[in-house]
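Notes follow once the structure below has been shown.
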Amino acid sequence: MYTEKLMQLFMNPKNVGRIEDADGIGEVGNPICGDVMKIYLKIEDDRIVDVKFETFGCAAAIATSSMVTELVKGKTIEEALKVSNKDVAEALGGLPPQKVHCSLLAEEGIKAAVDDYLAKKGKTKREASETRQCAKA
Amino acid sequence: MYTEKLMQLFMNPKNVGRIEDADGIGEVGNPICGDVMKIYLKIEDDRIVDVKFETFGCAAAIATSSMVTELVKGKTIEEALKVSNKDVAEALGGLPPQKVHCSLLAEEGIKAAVDDYLAKKGKTKREASETRQCAKA
Amino acid sequence: MNRFVYLDHSATTPVDQKVLEAMLPFFSMDFGNPNSLHAWGRKARQAVDQARDEVSRLINAEPSEIIFTGGGSEADNIAIKGVAFAKKDKGRHIITSAIEHHAVLDTCKWLEKEGFDITILPVDEYGTIRPEELRKAIRPDTILVTIHFANNEIGTVQPIEQLGNICREQGVLFHTDAVQAAGHISIDVKKLPIDLMTMAAHKMYGPKGVGALYIKKGVKIVPLIHGGGQERGLRSGTENTAGIVGFGKAAALASDRLAKEETEKERNLRDRLIDGILEKIEDAMLTGHRTERLPFHASFCFRYIEGESLLLRLDALGIGASSGSACTSGSLEPSHVLLAIGLPHEIAHGSLRLTLGKDTSEEDIDYVLENLPKVVESLRAMSPYGKRG
Amino acid sequence: MNRFVYLDHSATTPVDQKVLEAMLPFFSMDFGNPNSLHAWGRKARQAVDQARDEVSRLINAEPSEIIFTGGGSEADNIAIKGVAFAKKDKGRHIITSAIEHHAVLDTCKWLEKEGFDITILPVDEYGTIRPEELRKAIRPDTILVTIHFANNEIGTVQPIEQLGNICREQGVLFHTDAVQAAGHISIDVKKLPIDLMTMAAHKMYGPKGVGALYIKKGVKIVPLIHGGGQERGLRSGTENTAGIVGFGKAAALASDRLAKEETEKERNLRDRLIDGILEKIEDAMLTGHRTERLPFHASFCFRYIEGESLLLRLDALGIGASSGSACTSGSLEPSHVLLAIGLPHEIAHGSLRLTLGKDTSEEDIDYVLENLPKVVESLRAMSPYGKRG
Ligand SMILES: Cc1ncc(COP(=O)(O)O)c(C=O)c1O
Ligand SMILES: Cc1ncc(COP(=O)(O)O)c(C=O)c1O
Chain L
0 MYTEKLMQLF
10 MNPKNVGRIE
20 DADGIGEVGN
30 PICGDVMKIY
40 LKIEDDRIVD
50 VKFETFGCAA
60 AIATSSMVTE
70 LVKGKTIEEA
80 LKVSNKDVAE
90 ALGGLPPQKV
100 HCSLLAEEGI
110 KAAVDDYLAK
120 KGKTKREASE
130 TRQCAKA
Chain E
0 MYTEKLMQLF
10 MNPKNVGRIE
20 DADGIGEVGN
30 PICGDVMKIY
40 LKIEDDRIVD
50 VKFETFGCAA
60 AIATSSMVTE
70 LVKGKTIEEA
80 LKVSNKDVAE
90 ALGGLPPQKV
100 HCSLLAEEGI
110 KAAVDDYLAK
120 KGKTKREASE
130 TRQCAKA
Chain A
0 MNRFVYLDHS
10 ATTPVDQKVL
20 EAMLPFFSMD
30 FGNPNSLHAW
40 GRKARQAVDQ
50 ARDEVSRLIN
60 AEPSEIIFTG
70 GGSEADNIAI
80 KGVAFAKKDK
90 GRHIITSAIE
100 HHAVLDTCKW
110 LEKEGFDITI
120 LPVDEYGTIR
130 PEELRKAIRP
140 DTILVTIHFA
150 NNEIGTVQPI
160 EQLGNICREQ
170 GVLFHTDAVQ
180 AAGHISIDVK
190 KLPIDLMTMA
200 AHKMYGPKGV
210 GALYIKKGVK
220 IVPLIHGGGQ
230 ERGLRSGTEN
240 TAGIVGFGKA
250 AALASDRLAK
260 EETEKERNLR
270 DRLIDGILEK
280 IEDAMLTGHR
290 TERLPFHASF
300 CFRYIEGESL
310 LLRLDALGIG
320 ASSGSACTSG
330 SLEPSHVLLA
340 IGLPHEIAHG
350 SLRLTLGKDT
360 SEEDIDYVLE
370 NLPKVVESLR
380 AMSPYGKRG
Chain Z
0 MNRFVYLDHS
10 ATTPVDQKVL
20 EAMLPFFSMD
30 FGNPNSLHAW
40 GRKARQAVDQ
50 ARDEVSRLIN
60 AEPSEIIFTG
70 GGSEADNIAI
80 KGVAFAKKDK
90 GRHIITSAIE
100 HHAVLDTCKW
110 LEKEGFDITI
120 LPVDEYGTIR
130 PEELRKAIRP
140 DTILVTIHFA
150 NNEIGTVQPI
160 EQLGNICREQ
170 GVLFHTDAVQ
180 AAGHISIDVK
190 KLPIDLMTMA
200 AHKMYGPKGV
210 GALYIKKGVK
220 IVPLIHGGGQ
230 ERGLRSGTEN
240 TAGIVGFGKA
250 AALASDRLAK
260 EETEKERNLR
270 DRLIDGILEK
280 IEDAMLTGHR
290 TERLPFHASF
300 CFRYIEGESL
310 LLRLDALGIG
320 ASSGSACTSG
330 SLEPSHVLLA
340 IGLPHEIAHG
350 SLRLTLGKDT
360 SEEDIDYVLE
370 NLPKVVESLR
380 AMSPYGKRG
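Structural data, given as structure tokens:
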């Protein structure tokens with residue numbers, strides 16, 4: 000059901016952990032739904048210089064977390080905000096339909112962390128995305 | 000489904016054929032139901048000295064015909080009328096439930112042939128047995 | 000006894016050696032439940048997916064249009080009850096024919112008890128359903144027409160395209176029981192106007208206990224077996240992996256045979272058998288249509304004798320045949336099919352079905368042509384109706 | 000990878016070599032349709048009869064009280080819908096429990112849509128149905144109680160005797176889904192107050208795609224699959240001879256194992272596994288009852304991690320496990336069973352089921368006890384909720 004790429008990242012995820020002095024932290028998902036992602040950003044001159052994640056969830060949740068951190072690392076905030084769930088899914092070679100929400104979560108995780116960074120800087124917060132219901136298979 | 004005894008008699012039935020100058024002939028069954036037995040009796044001094052049958056029907060019909068002719072051969076009329084369908088079935092080592100009617104037919108065939116004999120002799124006919132419906136499995 | 004000649008392929012076929020080989024790993028080695036996520040399960044899932052591809056290719060369907068079932072009867076029941084329950088608020092009228100298999104007829108009869116209205120179309124003397132009869136029978140509340148592709152007892156193949164087209168014109172769903180036809184006649188569901196179609200593996204050299212239902216994309220049915228949601232929720236229950244794999248392989252082999260027109264060999268042998276029997280045996284008739292019939296199917300009635308004793312005598316000679324349908328041969332009523340084509344009871348009782356297989360040989364046919372006349376003769380000699388010579 | 004350790008026997012079991020050997024002749028050699036009268040058919044009929052004897056002996060039923068079906072789910076559907084349709088003029092109330100398999104629950108839900116009234120009994124924290132709850136729920140119009148013998152996800156064995164006795168007192172039919180229990184726990188239907196009971200071959204080292212329904216003499220049901228009248232008219236369709244023979248052999252072997260108390264070995268290994276896991280892993284809990292559970296069944300919830308990733312990590316180490324029920328593992332909702340015993344969602348998501356088999360070894364258990372704690376640890380290290388040490 001999962002691609003080899005996804006399974007590789009699930010078995011050996013990159014950027015696992017936390018950044019103690021993070022500039023932005025985003026937490027999305029809900030333990031009730033079975034997946035929570037927490038993204039930590041280190042930002043210098045509006046550029047993401049380091050990123051880490053902690054995830055409670057299925058293999059797809061862990062792999063998409065890892066992939067999205069890879070995709071945004073080194074990018075400017077503006078570029079990072081353009082990384083979509085489709086980009087994440089594609090980079091993993093695709094996702095089974097019932098796991099597409101994991102890639103959405105990954106996209107939202109980055110946005111939430113950026114929002115947190117912007118809020119801390121006193122900059123305008125982007126419009127909050129709605130909280131979603133637990134995904135259904 | 001059939002006993003070995005029955006199959007043996009079906010494969011090599013005894014007393015097949017007709018008796019041209021029979022003293023009594025009984026035909027029972029109905030081609031619509033799929034089985035007809037015709038019994039021919041040669042009777043001397045109220046004793047069955049020869050008996051033959053012709054049967055259109057299944058293996059059980061043929062075997063019971065053959066068996067009943069064996070059972071009545073050499074018997075007096077009175078004795079022959081006592082040969083019941085159970086005797087026929089037992090002599091064959093049993094019959095599957097949906098074929099029990101074949102043994103009834105065999106019993107009735109003898110009775111019909113005896114009736115015919117008695118009628119020809121001008122003796123009182125026994126009370127006619129009712130015509131039965133086609134058996135149902 | 001000289002030979003063993005199995006001529007009852009309409010009842011069931013032996014599992015092809017290649018089919019059995021394909022199945023074997025899935026019993027004790029790759030035995031996983033296809034719904035399990037671990038390696039054992041994934042291997043089983045892959046195998047089921049491949050089988051679905053193979054079965055869909057046999058009839059040119061999409062894999063997603065195939066669900067596996069626990070046999071042909073089950074697939075018939077799923078199709079008919081599935082449409083009935085799904086559409087019962089739209090209408091409750093169902094049309095079928097007088098010579099369907101009991102899996103269709105008895106399902107319709109049960110629905111009748113549950114408040115549905117069933118029309119049973121008559122057939123002509125060859126067992127063909129006349130398209131104009133169907134057209135007349137369709138009503139505004141008709142929700143389903145179910146007519147088999149080919150008959151199991153007399154081999155007649157129906158004018159499926161015409162029947163289906165009438166249904167399509169009238170916007171009525173069309174189900175066909177193709178248990179006897181699938182794998183033996185080319186069927187292309189993209190070209191034929193069929194909405195649902197039943198198949199069974201064991202009639203095409205696959206295993207017993209596994210069938211398939213083709214459900215055209217967009218057709219909605221209510222499941223008959225509820226549960227874990229397997230087969231797109233339409234047939235719950237742990238998949239019979241080995242059986243399904245066997246069906247897949249059998250379908251792939253059947254596709255090959257059809258592509259290579261290997262059924263022509265069967266057809267030729269069948270014709271020799273039919274011609275030989277009609278020539279050698281007096282008071283014999285072919286039942287069903289002479290040309291519009293299954294390529295492997297020959298069926299007859301012989302006057303003055305009864306089918307069961309005929310087939311048991313043949314059995315003693317090593318010839319496996321049937322009289323009427325195997326499913327009802329415990330019954331003493333003559334087959335509903337033979338009565339529906341207008342045969343009187345006493346003739347219908349003398350029916351014999353000889354159905355050839357891909358491995359039936361010239362010698363097998365010779366053997367039957369040599370022995371059957373003798374057997375008929377000897378039974379007739381015993382019959383009060385038989386001619387004496 | 001060091002070993003392959005299959006611990007998902009609740010999902011399905013490998014076919015025993017002896018079972019496969021018993022089945023093999025019935026594919027390509029003795030392949031006849033049991034309904035055929037010729038030699039091929041008679042051989043198949045004999046084999047089916049023998050298998051019926053063997054299955055009936057496993058539960059001390061009469062052979063005539065056993066019908067073969069196309070699997071466990073099908074048998075559940077036949078039993079429940081069969082009683083519902085047979086008794087609907089007497090009453091339309093059915094009682095079941097919150098932790099039944101979907102084959103029971105979804106069948107009941109469908110009946111609800113068709114005008115039946117369903118009561119779903121709650122369970123306690125161990126997944127046990129309290130007899131007094133059942134007694135309270137029975138009404139004058141109750142026609143059926145269906146409660147499983149043992150749960151597939153948490154292994155809890157129900158107080159079947161007490162539950163069945165209440166039904167008997169009240170004159171209500173009692174069906175039990177014994178798919179997980181049969182072959183693993185001694186069941187005597189002459190002693191237990193059971194009217195209908197479901198079994199599946201593939202949970203006791205038999206093949207997939209064949210199940211059985213015990214129907215106590217005198218209990219009347221309406222068939223689910225209509226047709227040729229096989230299985231006393233209660234499950235039409237050509238018999239899956241090879242599968243049925245396999246079920247027979249599997250049942251005979253299970254009877255032997257039960258007689259020799261070989262399941263004790265499994266129970267001991269299971270206890271070592273449970274104790275070892277609870278000892279070695281923090282924030283772990285056993286789900287289901289500690290003692291009133293299937294002898295081969297161990298199930299847990301681990302906080303802070305999610306079941307699918309846990310089982311895929313185990314899979315990478317050669318360990319086959321499941322999280323919740325195999326049938327629903329495609330779903331993202333936590334299992335209805337774990338919610339019904341009162342677990343909060345976030346804990347229910349971290350479930351793991353390890354179900355042992357007759358060939359599971361000490362070394363297999365050692366291997367799991369060595370690796371599972373590491374896997375849990377490494378996933379927790381990744382989790383925002385995990386402890387850091
Ligand atoms: C308790 C229970 N009932 C019913 C079933 C359904 O059996 P099957 O999948 O063989 O149809 C299962 C197994 O999946 C089960 O564990
Ligand atoms: C035309 C037809 N339909 C349905 C069936 C039922 O198939 P199965 O016996 O595999 O359930 C058969 C075979 O017996 C058949 O010939």
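Those protein sequence lines, which keep their order, are chains L, E, A and Z. Each residue of the first sequence is one higher than the last, beginning at 0 in numbering that gives the first Met the number 0. Each residue of the second sequence is one higher than the last, beginning at 0 in numbering that gives the first Met the number 0. Each residue of the third sequence is one higher than the last, beginning at 0 in numbering that gives the first Met the number 0. Each residue of the fourth sequence is one higher than the last, beginning at 0 in numbering that gives the first Met the number 0. All C-beta atoms, glycine included, are put in the ideal place defined by N, C-alpha and C. Just so we're clear, the structure is a prediction, and the values are computed from it rather than from any experiment.
Along the region 237-269 of chain Z, going in chain order, the ones with a CB nearer than 9 Å to a CB of chain A are T237, E238, N239, T240, A241, G242, I243, G245. For the 8 Å CB-CB criterion, A:A136 and A:T118 form a contact.
Within the region 136-158 of chain Z, no residue has its Cβ closer than 7 Å to any Cβ of chain L.
If one requires a minimum length of 3 residues, the beta strand (DSSP E) runs lying completely within the region 134-167 of chain Z are 141-145, in chain order.
Within the same chain, and ignoring the five residues on either side of Z:R167 in sequence, the residues whose Cβ sits closer than 8 Å to its Cβ are F173, P192. Chain order gives the chain A residues near E:K37 as P383, where near means a beta carbon separation below 8 Å. According to the DSSP assignment, E:R46 belongs to no alpha helix (DSSP H) but to the beta strand (DSSP E) extending over 46-55.
Taking non-hydrogen atoms of ligand 2 into account, the C-beta of A:Q179 is found less than 7 Å away from one of them. Ligand 2 has no heavy atom closer than 7 Å to the beta-carbon of Z:A241. Flagged as an interface residue toward chain A: E:A58, by a C-beta distance shorter than 8 Å. Residue-level contact by beta carbon fails for L:I18 and chain Z, as no gap is shorter than 8 Å. At least one beta carbon of chain A lies nearer than 8 Å to the beta carbon of E:E26. Within the region 218-231 of chain Z, those residues whose Cβ lies closer than 9 Å to any Cβ of chain A are, in chain order, V221, P222, L223, I224, H225, G226, G227, G228, Q229. Cβ proximity to chain A below 8 Å picks out F26, S27, M28, F30, G31, N32, N34, S35, L36, H37, A38, W39, G40 from the region 26-40 of chain Z.
For Z:E345, the closest Cβ of chain L is nearer than 8 Å. Beta-bridge partners assigned by DSSP to A:M196: A:T175, A:Y213. A distance criterion of 7 Å places the beta-carbon of L:D44 beyond contact range of ligand 1, judged by its closest non-hydrogen atom.
With a cut-off of 8 Å on Cβ pairs, the region 146-156 of chain Z is in contact with the region 98-108 of chain Z, counting three or more such pairs. Contact between A:L6 and A:G205 fails: their C-beta atoms lie close to 19 Å from each other, not under 8 Å. Counting along the chain, Z:A315 sits inside the alpha helix (DSSP H) bounded by residues 306-315.
Relative to the Cα of E:V99, the nearest Cα in the group E:D49, E:I42, E:N84 belongs to E:N84. Against chain A, the beta carbon of Z:K87 has no neighbour under 8 Å; the closest one sits roughly 10 Å away. Residue-level contact by beta carbon holds for Z:Q16 and chain A, with a gap shorter than 8 Å. Residue contact check for A:S334 against chain E: no CB pair falls below 8 Å. Look at E:L104 here: in three-state DSSP terms it is helix. Within the same chain, Cβ atoms closer than 6 Å to the Cβ of Z:D282 are found at R302, the five residues on either side in sequence being excluded.
Nearest Cα to A:K216 within the set A:G70, A:L378, A:L285, A:E61: A:E61.
Counting the other CB atoms within 10 Å of its CB gives A:G154 a total of 16 or more, which places it among the buried residues. Looking from the CA of A:K17, the closest CA among A:R256, A:A249, A:A380, A:I220 belongs to A:A249. In the three-state reduction of the DSSP assignment, Z:F295 falls in the coil class, being assigned neither a helical nor a strand state. The three-state secondary structure of A:R379, taken from DSSP, is helix.
Sorting A:G232, A:Y125, A:G236, A:G323 by C-alpha distance to the C-alpha of A:I340 places A:Y125 at the top. Per DSSP, the continuous beta strand (DSSP E) segment holding Z:H92 begins and ends at 92-96. Among the CB atoms of chain Z, one or more fall inside 8 Å of the CB of A:N76. Annotation for A:H201 indicates a beta carbon within 7 Å of some heavy atom of ligand 2. Closer than 8 Å to the CB of L:I109 there is not a single CB belonging to chain Z.
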